[in-house]
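Q: I have a structure I would like to understand better, so I am pasting it below and will then ask my questions one at a time.
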């Protein structure tokens, strides 16, 4: 029996241990239950921490909408990246519903990119942006890749506008809701707390996604997205003597081995290891942890913002009873911000620092406002974008300090770019000039601080070149010098140039056109979008037809239609607010050119003459996707009628015509000519998918000699044409296919144009 005692003892001990274990488990569960049912203190202080996550962070807005609807008062907010953007604006006084309305109407393609709206650019910069597909900096004869896709200026402009009414607050603990956000020091990898300074700048820095936005300097450190070092910044919130902390995380879960299928998946997994590990520990510090279901979205799914916001609302459902209990002890209702969209800026003082190479007049000329002027925030942002569109500045950070009289002291820090040399590329194809490769070398500060030298070398079926030198004086008279050479061959009826030629050659013949034009001009901006230019121009024009059939008429297989040197004075008045030169949806275009020809080398009986051409067009939206442009164009000559090579010509579809040639659907290039013309046109454009367009166009014209004298321009149009087309916007410019026809001449054809025109 004694041998059995140890066994009995072990069995009894095990039974006791099991009973004790059950007892302790029961006690532990009661303790947890008791803790969960602890009464919330009266008027508890609630903290809120919002994680980063790119577009997925829009779910924070949905959470805030529910929190507001329940009447929960938030007493302190911390956020990272998108969490800082949403949290910072909420701390500034916006409600969840207001944030929903704001973010739903934002064009994130514009916000996240450096794409400057066309009306924000100067005329010179518009021309450049509608010509080159790729621009790369060159340093010490080496091509450099940019450090980011965007400067983040549009993001900063938006945050500045939305926080304008709290711009006097530099201590974020004094905001309507105390706030802080996180950044990462790129030099050390350390996490940095931003809780004072310029609120718009702080949340911009915290939202600076790697590779998308360039890092920003702040207090001597180079900072960017706070999510790199701390994507769920609860630690700092724990020091704020709060009773209860709500946390919302939209961080990506680690991938399973089945989901890891590429190098990018591996890199993403590696970068998420530490963040995922940290989050597990930080959840323990959170009293109420909310994790919206955003697995179906990515950090760039901004086009699905409404669904992401909805997922945030749904994620709060399991916690409604707990949040309602908190709300009952607070008795609070958040009042919506009343002063959304402050838009009148009256400057008391203006101070800009950091412009060493560029003068104040140059900077203010680009900003398009003067020190004593009152402007809208929209116009101010347009000016800032125009300044950065020059690519002469890496960053422009500013602050408004409000005064009791409603005006602002404006201070700005500008950082000039150290790179002054650019290599630019372009590609193009059309029916006349055929395939073309554009190589451009741009050198800024070539001879002085505010000049630009540009050389275009165009290789392909028809080689060309273009030289530009421009001294930009901002509000004052700018100076320009241009040399342009164009040479191409096309089958053209010689009667197009000279109607007095024998009718025996009334057919299209291979024709070579060579045009060398040198221009000197001065230009000034009369007001926003209105420029006036005066200049002098030398033109060497050669037009030669060649065909064996010419032997029967001219006893030679070649006929020189024109071979002259011309000198003229010219003037241009241009008003342009079109939002897109290729697919406009709004804006007005007015342009009139006058050329007074003073000499012609080949004409013994030459007399001076004046060519005048005017174009007026209006673009407007019919629906969100459907737009229309209507316009009228005309030209006439006063004086010498002997130089028919400089008559007006219509036919084809292009955007880089030389001399006085213009478009006309339903007719091939170089089909109609005369010393005067009038044309009405329209274009309906339907953007059925982003950057994809279907369009229908029509044009109607009268063209001939002296139609304004004979009043033929008042008669019903002799010539008409229509086109059905498809257009696609690409990095190298539009791709356009136009099927066009004319009812009066049975013409049918297709114009194919690829890339920007140059």
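Numbering (this note's numbering), first residue to last: 12 to 769. All C-beta atoms in this analysis are idealised placements derived from N, C-alpha and C, irrespective of residue type, glycine included. The model shown is predicted, which means the values in this text are computed figures rather than measured ones.
1. Just the C-alpha distance for residue 724 and residue 687, rounded to the nearest angstrom, thanks.
2. Alpha carbon to alpha carbon, how far is residue 565 from residue 130? Give it in angstroms, no decimals.
3. If you count every other CB in all the chains shown that lies within 10 Å of the CB of residue 382, and 16 or more means buried, which is it?
4. Mind pulling the beta strand (DSSP E) runs of 3 or more residues that sit fully within the segment 229-275?
5. Where does the unbroken beta strand (DSSP E) through residue 216 begin, and where does it stop?
6. Going by beta carbon distance, what residues of the same chain come within less than 6 angstroms of residue 754, once the five residues before and after it are set aside?
7. Out of curiosity, what's the CA-to-CA distance linking residue 597 and residue 632?
8. Considering Cα atoms alone, identify which of 77, 749 and 744 is closest to residue 737.
9. In the DSSP assignment, the alpha helix (DSSP H) including residue 79 goes from what residue to what residue?
10. For residue 459, name the three-state secondary structure that DSSP assigns.
11. Do residue 461 and residue 483 have their C-beta atoms closer together than 8 angstroms?
12. Alpha carbon to alpha carbon, what distance is there between residue 361 and residue 89?
13. Can you check whether the CB of residue 548 is closer than 8 angstroms to the CB of residue 527?
14. How would you call residue 778, buried or exposed, if buried means at least 16 neighbouring beta carbons within 10 angstroms?
15. Return the first residue and the last residue of the beta strand (DSSP E) that residue 740 is part of.
16. To which residues does DSSP link residue 439 through a beta bridge?
17. What's the gap between the Cα of residue 192 and the Cα of residue 174?
18. Helix, strand or coil for residue 100 per DSSP?
19. At 3 residues or longer, and completely inside the segment 481-537: list those beta strand (DSSP E) runs for me, N to C.
20. Name the one or two DSSP bridge partners that residue 193 has.
21. Please report the residue range of the beta strand (DSSP E) in which residue 601 lies.
22. What residue from 255, 277, 124 and 289 has the CA that sits closest to residue 225's CA?
23. With DSSP collapsed to three states, give me the class of residue 162.
24. Count the other CB atoms within 10 Å of the CB of residue 145; is the residue buried (16 or more) or exposed (fewer)?
25. Apply the 10 Å Cβ neighbour rule to residue 327 and answer buried if 16 or more other Cβ atoms are within range, or exposed otherwise.
26. Consider the C-beta atom of residue 541 and the heavy atoms of the ligand FMN; say whether any pair is separated by less than 7 angstroms.
27. Can you name, in chain order, every residue of its own chain whose Cβ lies under 8 angstroms from the Cβ of residue 180, other than the five neighbours on each side?
28. To the nearest angstrom, how far is the alpha carbon of residue 48 from that of residue 340?
29. Of the choices 318, 604 and 55, whose alpha-carbon is the least far from that of residue 307?
30. Pairs of beta-carbons, one from the segment 498-511 and one from the segment 466-477, closer than 8 angstroms: are there three or more?
31. Which residue marks the beginning of the beta strand (DSSP E) containing residue 544, and which one marks its end?
32. Measuring straight from C-alpha to C-alpha, what distance separates residue 494 and residue 657?
33. With DSSP collapsed to three states, give me the class of residue 756.
34. Is the segment 603-614 touching the segment 568-581 in the sense that three or more CB pairs, one from each, lie closer than 8 angstroms?
35. Just to confirm before moving on: does the CB-CB distance between residue 207 and residue 182 stay below 8 angstroms?
36. Between which two residues does the alpha helix (DSSP H) carrying residue 718 extend?
A: In brief:
1. Stepping through the chain shown from its first residue, residue 724 is reached at position 713. Stepping through the chain shown from its first residue, residue 687 is reached at position 676. Each residue's CA atom was taken as its position, placing residue 724 and residue 687 some 9 angstroms apart.
2. The sequence position of residue 130 within the chain shown is 119, counting from 1. The sequence position of residue 565 within the chain shown is 554, counting from 1. C-alpha separation (whole angstroms): 53 angstroms.
3. Numbered from its first residue, the chain shown carries residue 382 at position 371. By the 10 Å Cβ count, residue 382 comes out exposed.
4. Given a length threshold of 3 residues, each whole run of the beta strand (DSSP E) inside the segment 229-275 is given here in chain order: 232-236 and 255-259.
5. Along the chain shown, one-based indexing puts residue 216 at 205. No beta strand (DSSP E) holds residue 216; the alpha helix (DSSP H) holding it covers 210-217.
6. One-based indexing of the chain shown puts residue 754 at position 743. Residues of the same chain with their beta carbon placed closer than 6 angstroms to that of residue 754 are lacking, with the five preceding and five following residues left out of the count.
7. Against the chain shown, residue 597 aligns to sequence position 586. Against the chain shown, residue 632 aligns to sequence position 621. Distance between the alpha carbons of residue 597 and residue 632 is about 6 angstroms.
8. Translated into the one-based positions of the chain shown, residue 737 becomes position 726. If we check each option's Cα against that of residue 737, 749 comes out closest.
9. Within the chain shown, the letter at position 68 stands for residue 79. Per DSSP, residue 79 belongs to the alpha helix (DSSP H) from 70-81.
10. Here residue 459 refers to the residue found at position 448 when the chain shown is read from its first residue. Judged by DSSP in its simplified three-state form, residue 459 adopts coil rather than helix or strand.
11. Taking the first residue of the chain shown as 1, we reach residue 461 at position 450. Taking the first residue of the chain shown as 1, we reach residue 483 at position 472. With contacts defined by Cβ atoms closer than 8 angstroms, residue 461 and residue 483 form a contacting pair.
12. By 1-based counting over the chain shown, the position of residue 89 is 78. By 1-based counting over the chain shown, the position of residue 361 is 350. Between residue 89 and residue 361, the C-alpha separation is close to 33 angstroms.
13. Numbered from 1 along the chain shown, position 516 holds the residue referred to as residue 527. Numbered from 1 along the chain shown, position 537 holds the residue referred to as residue 548. Against a cut-off of 8 angstroms, the Cβ pair of residue 548 and residue 527 comes out as no contact.
14. The chain is shown from 12 up to 769; residue 778 falls before or after that span and cannot be answered.
15. For the purposes of this step, residue 740 is taken as the residue at position 729 of the chain shown. Here the beta strand (DSSP E) through residue 740 covers 730-741.
16. Counting from one through the chain shown, the residue named residue 439 turns up at place 428. In DSSP, residue 439 forms a bridge with 447.
17. Within the chain shown, numbered from 1, the residue matching residue 192 stands at position 181. Within the chain shown, numbered from 1, the residue matching residue 174 stands at position 163. So the two alpha carbons sit approximately 15 angstroms from each other.
18. On the chain shown, residue 100 is found 89 positions in, with the first residue counted as 1. Reduced to three states, the DSSP call for residue 100 is helix.
19. Correct list: 489-503.
20. By 1-based counting over the chain shown, the position of residue 193 is 182. In DSSP, residue 193 forms a bridge with 91 and 204.
21. For the purposes of this step, residue 601 is taken as residue 590 along the chain shown, with counting starting at 1. From DSSP, the beta strand (DSSP E) with residue 601 extends over 598-611.
22. Looking up residue 225 in the chain shown gives position 214. Out of 255, 277, 124 and 289, 124 has the C-alpha closest to the C-alpha of residue 225.
23. Position 151 of the chain shown, counted from the start, is the residue given in the question as residue 162. Residue 162: coil per DSSP, three-state reduction.
24. Locating residue 145 in the chain shown gives position 134, where the first residue counts as 1. It counts as exposed.
25. Here residue 327 refers to the residue found at position 316 of the chain shown. The residue in question, residue 327, is buried, as its Cβ has 16 or more Cβ neighbours within 10 Å.
26. Of the ligands one can find in the structure shown there are none, so the ligand FMN has no counterpart to examine.
27. Translated into the one-based positions of the chain shown, residue 180 becomes position 169. For residue 180, same chain residues with a beta-carbon under 8 angstroms away, outside a window of 5 residues either side, are 186 and 210 in chain order.
28. Here residue 48 corresponds to residue number 37 of the chain shown, with the count starting at 1. Here residue 340 corresponds to residue number 329 of the chain shown, with the count starting at 1. Because residue 48 carries a pLDDT of 42, less than 50, the predicted location of this residue cannot be relied on, and the following value inherits that uncertainty. The alpha-carbon of residue 48 is positioned some 14 angstroms away from that of residue 340.
29. Along the chain shown, one-based indexing puts residue 307 at 296. From the listed residues 318, 604 and 55, the smallest Cα separation to residue 307 is found for 318.
30. By the Cβ criterion, the segment 498-511 is in contact with the segment 466-477, since at least three pairs of Cβ atoms, one from each stretch, lie closer than 8 angstroms.
31. Along the chain shown, read from residue 1 onward, the residue named residue 544 stands at position 533. Counting along the chain, residue 544 sits inside the beta strand (DSSP E) bounded by residues 541-557.
32. Taking the chain shown and counting its residues from 1, one reaches residue 494 at position 483. Taking the chain shown and counting its residues from 1, one reaches residue 657 at position 646. Going by the C-alpha atoms only, they are around 19 angstroms apart.
33. As a working mapping, residue 756 is identified with position 745 in the chain shown. Coil.
34. Contact holds: three or more Cβ-Cβ distances are below 8 angstroms.
35. Residue mapping note: residue 207 aligns to position 196 of the chain shown, counting from 1. Residue mapping note: residue 182 aligns to position 171 of the chain shown, counting from 1. Cβ distance < 8 angstroms, so residue 207 and residue 182 count as in contact.
36. The residue labelled residue 718 in the question sits at position 707 within the chain shown. Looking at the DSSP string, the run of the alpha helix (DSSP H) that includes residue 718 is 718-721.
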